[in-house]
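K.L.:
There's a structure below that I have some questions on.
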Amino acid sequence: MPPVNGTSQKLRLKAKNKKRGIWSMNVSVFGSSQPQEGEEAYAQAYTLGKLLAERGHVVLNGGYIGTMEAVSRGASEAGGHVIGITCTDIETWRPVKPNCWIKEERRCKSLQERITALVEGCNAAIALPGGPGTLTEVAMMWNLMLVESLHRRPLILVGDGWQSVFDQFFTSFSCYTPAKQRDLLSFAPDVETAVKILETSQA
Numbered sequence: 001m002p003p004v005n006g007t008s009q010k011l012r013l014k015a016k017n018k019k020r021g022i023w024s025m026n027v028s029v030f031g032s033s034q035p036q037e038g039e040e041a042y043a044q045a046y047t048l049g050k051l052l053a054e055r056g057h058v059v060l061n062g063g064y065i066g067t068m069e070a071v072s073r074g075a076s077e078a079g080g081h082v083i084g085i086t087c088t089d090i091e092t093w094r095p096v097k098p099n100c101w102i103k104e105e106r107r108c109k110s111l112q113e114r115i116t117a118l119v120e121g122c123n124a125a126i127a128l129p130g131g132p133g134t135l136t137e138v139a140m141m142w143n144l145m146l147v148e149s150l151h152r153r154p155l156i157l158v159g160d161g162w163q164s165v166f167d168q169f170f171t172s173f174s175c176y177t178p179a180k181q182r183d184l185l186s187f188a189p190d191v192e193t194a195v196k197i198l199e200t201s202q203a
């Protein structure tokens with residue numbers, strides 16, 4: 001499959017879901033590669049994929065294992081369309097293949113292109129708990145919206161961990177993070193609430 005330039009990749013907004021009266025969106029899901037089947041984090045990601053697909057949304061993710069596999073599986077088994085943004089850099093770093101639940105693979109050469117494709121190719125993003133890669137995706141999307149290089153769109157962070165981290169960040173660096181910057185982020189205790197926030201943003 002030929003490489004995709006993440007900086008120019010555009011994913012079109014789907015047609016209005018008349019049955020539900022909401023717009024179907026391309027929703028990027030950020031998260032860790034660590035969760036395995038049988039773990040709570042895997043189940044949470046699976047449920048998120050299922051909920052998004054049931055509402056007619058296209059699910060984008062990094063295309064590999066852990067959270068990416070779980071959200072792909074949940075969406076695919078619910079009849080949804082799943083786009084995996086894969087990357088030569090990742091597969092050079094470790095022997096991993098795209099998971100079997102993605103319906104469409106969009107391949108990038110570098111990690112930077114992959115992150116850009118996930119951030120710029122969505123109408124909204126939901127971040128599950130994760131490590132440095134997930135934090136990078138959140139920070140990049142937040143900053144691009146902050147400087148208005150990316151039109152404002154929902155960026156929803158799921159879990160007490162994110163809330164705790166950003167509460168501390170906003171407290172320690174309050175003079176650098178005015179309210180209008182903080183307002184670009186939304187926080188949800190669980191994936192069900194995240195989906196409700198997503199739907200509220202469409203009203």
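In terms of this note's numbering, the sequence shown opens at residue 1 and continues consecutively.
By construction, the Cβ of each residue, glycine as well, lies at the ideal position given by its N, Cα and C atoms.
1) Going along the chain, which residues of its own chain have a beta-carbon closer than 6 Å to the beta-carbon of W110, five neighbours each way excluded?
2) Looking at C-beta atoms only, is the number of pairs between the segment 149–161 and the segment 126–135 that lie closer than 8 Å three or more?
3) Report the residue from K196, L184 and Q34 whose alpha carbon sits nearest the alpha carbon of G62.
4) Around the C-beta of P235, are 16 or more other C-beta atoms found within 10 angstroms, so that it is buried, or is it exposed?
5) For W142, does the count of other Cβ atoms within 10 angstroms reach 16, so buried, or fall short, so exposed?
6) Rounded to whole angstroms, what's the CA-CA distance from P178 to V58? Just pull it up for me.
7) Identify the continuous beta strand (DSSP E) that holds E218 and give its terminal residues.
8) Can at least three beta-carbon pairs, one atom from the segment 71–79 and one from the segment 43–51, be found at a separation below 8 Å?
9) Going by the DSSP bridge assignment, what does G84 pair with across the sheet?
10) Can you find the residues in the same chain that come closer than 6 Å, C-beta to C-beta, to M145, ignoring five residues on each side of it along the sequence?
11) Do G131 and S28 have their CB atoms nearer than 9 Å?
12) Leaving out the 5 sequence neighbours to the left and right, which residues in its chain are closer than 6 Å to T193 when beta-carbon positions are compared?
13) According to DSSP, what are the bridge partners of S149?
14) Provide the residue span of the beta strand (DSSP E) that contains F187, from first to last.
15) Go ahead and label P2 buried or exposed: buried means 16 or more other beta carbons lie within 10 angstroms of its beta carbon, across all protein chains shown.
16) Short of 8 Å in beta carbon distance, which residues of its chain neighbour T64, apart from the five on each side in sequence? Order them along the chain.
17) Considering only C-alpha positions, which residue in the set C108, R182 and E77 is nearest to T92?
P.N.:
In short:
1) Working through the sequence shown from its first residue, we reach residue 110 at position 110. The sequence given here has Ser at residue 110, not Trp. The answer, listed in chain order, is D89.
2) yes
3) Position 62 of the sequence shown, counted from the start, is the residue given in the question as residue 62. Nearest of K196, L184 and Q34 to G62, Cα basis: Q34.
4) With the chain represented from 1 up to 203, any question about residue 235 goes unanswered, as that position is not in the structure.
5) Counted from its first residue, the sequence shown places residue 142 at position 142. Counting Cβ neighbours within 10 Å, W142 comes out buried, since at least 16 surround it.
6) Position 178 of the sequence shown, counted from the first residue, corresponds to residue 178. Position 58 of the sequence shown, counted from the first residue, corresponds to residue 58. When rounded, the distance between both Cα atoms is 33 Å.
7) Look at the range of the chain in this structure, 1 to 203, and you will see that residue 218 is not part of it.
8) yes
9) Here the question's residue 84 lines up with position 84 in the sequence shown. N61 and E105.
10) Indexing the sequence shown from 1 puts residue 145 at position 145. R152 and L184.
11) Numbered from its first residue, the sequence shown carries residue 131 at position 131. Numbered from its first residue, the sequence shown carries residue 28 at position 28. No, Cβ-Cβ distance for G131 and S28 is not below 9 Å.
12) Locating residue 193 in the sequence shown gives position 193, counting from the first residue. Answer for T193: no residue qualifies.
13) Counting from one through the sequence shown, the residue named residue 149 turns up at place 149. For S149, which the question treats as bridged, DSSP gives no partner whatsoever.
14) Translated into the one-based positions of the sequence shown, residue 187 becomes position 187. Looking at the DSSP string, the run of the beta strand (DSSP E) that includes F187 is S186 to A188.
15) For the purposes of this step, residue 2 is identified with residue 2 of the sequence shown, where counting begins at 1. For P2, the predicted structure reports a pLDDT of 39, less than 50, and the residue's modelled location is therefore unreliable. A value from the coordinates is still provided. The residue is exposed, with fewer than 16 neighbouring Cβ atoms inside 10 Å.
16) Here the question's residue 64 lines up with position 64 in the sequence shown. The amino acid at residue 64 is misidentified as Thr; the sequence shows Tyr. Result list for Y64: S33, G84, T86, I90, V96, K97, P98 and N99, in chain order.
17) For the purposes of this step, residue 92 is identified with residue 92 of the sequence shown, where counting begins at 1. The option with the nearest alpha carbon to T92 is C108.
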